[in-house]
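Enquirer: I have a structure here, written as structure tokens, and I will follow up with some questions on it.
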Amino acid sequence: MGLSIHPAMNFLSHFPESSRGILVVPSLILYTIPSWFTGIALLGIFIGGLIPAAIMAMSQANLLTRNIIKEIRPNKENPMMIDNEYFLF
1 MGLSIHPAMN
11 FLSHFPESSR
21 GILVVPSLIL
31 YTIPSWFTGI
41 ALLGIFIGGL
51 IPAAIMAMSQ
61 ANLLTRNIIK
71 EIRPNKENPM
81 MIDNEYFLF
């Protein structure tokens with residue numbers, strides 16, 4: 001294990017210290033996994049980052065429609081009233 005980590009750490013020494021933390025896992029993948037599997041492993045990291053972002057985007061859209069658009073939608077019974085609250089303009 002130590003022999004496979006040494007080239008990855010050597011690779012990281014070419015980058016500034018502020019960005020080394022981001023590149024640790026991809027550099028370990030590049031130097032420890034066979035080349036035919038490297039793309040699949042890096043794709044797994046990419047997909048692993050997209051799924052939480054998609055879930056957060058769906059939840060924000062849900063909050064927008066339930067809390068904001070619902071309040072703006074006009075009430076058909078009384079046009080001056082929106083969901084039992086009057087406009088305070």
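Sequential numbering from 1 applies to the sequence shown in the working numbering.
We treat Cβ as the ideally placed atom computed from N, Cα and C, and that holds for glycine.
#1: Distance, Cα to Cα, V25 vs S59?
#2: What three-state label does DSSP hand P34 in the structure shown?
#3: Helix, strand or coil: how does DSSP classify P130 here?
#4: Using 8 Å for Cβ pairs, my map puts I29 next to A41. What's the rounded Cβ distance?
#5: Which of helix, strand or coil does DSSP assign to P16?
Expert: Once the coordinates are examined:
#1: Here residue 25 refers to the residue found at position 25 of the sequence shown. Here residue 59 refers to the residue found at position 59 of the sequence shown. So the alpha carbons of these two residues sit roughly 29 Å apart.
#2: For the purposes of this step, residue 34 is identified with residue 34 of the sequence shown, where counting begins at 1. P34 falls in the coil class under three-state DSSP.
#3: Nothing about residue 130 can be read from this structure; the chain reaches only from 1 to 89.
#4: Residue 29 sits at position 29 when you count from the first residue of the sequence shown. Residue 41 sits at position 41 when you count from the first residue of the sequence shown. So it is a contact: roughly 5 Å between Cβ atoms.
#5: Taking the first residue of the sequence shown as 1, we reach residue 16 at position 16. If DSSP states are grouped into helix, strand and coil, P16 belongs with coil.
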